[in-house]
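Numbering (the UniProt record's numbering), first residue to last: 1 to 84. Glycine included, every Cβ here is placed at the ideal spot set by N, Cα and C. Since the structure is predicted, the reported quantities are computational estimates derived from the model, not experimental observations. Heads up, the thing below is written out as structure tokens.
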């Protein structure tokens, strides 16, 4: 599951009922994982599964469709490139 940052990112966020998710964005594919019981579980898993992939954390509860997640993931990659 390790990959270059090109076309690949991870987003962490809570849902409206208290579950935590992480979403892998790879090219045009969106893979959702969760819900998990706590932020701690997700924050422990993500660096192990995706050590070199840019990560965006959204701490406010939200509901996202796949298009919104892809836009957020692409924005994180653009930000990562501009910081280099």
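Alpha carbon of residue 19 to alpha carbon of residue 46, nearest angstrom = 16 Å
ask   = Got a sec? Which residues, its chain only, sit under 6 Å from residue 31 by beta carbon, not counting five neighbours each side?
value = 24
One or two residues paired with residue 93 in a DSSP bridge = The requested residue 93 does not occur in the structure, where the chain is confined to residues 1 to 84.
message = Rounded to the nearest angstrom, what separates residue 11 and residue 44 at their Cα positions?
response = 14 Å
Residue 62 - DSSP class collapsed to helix/strand/coil = coil
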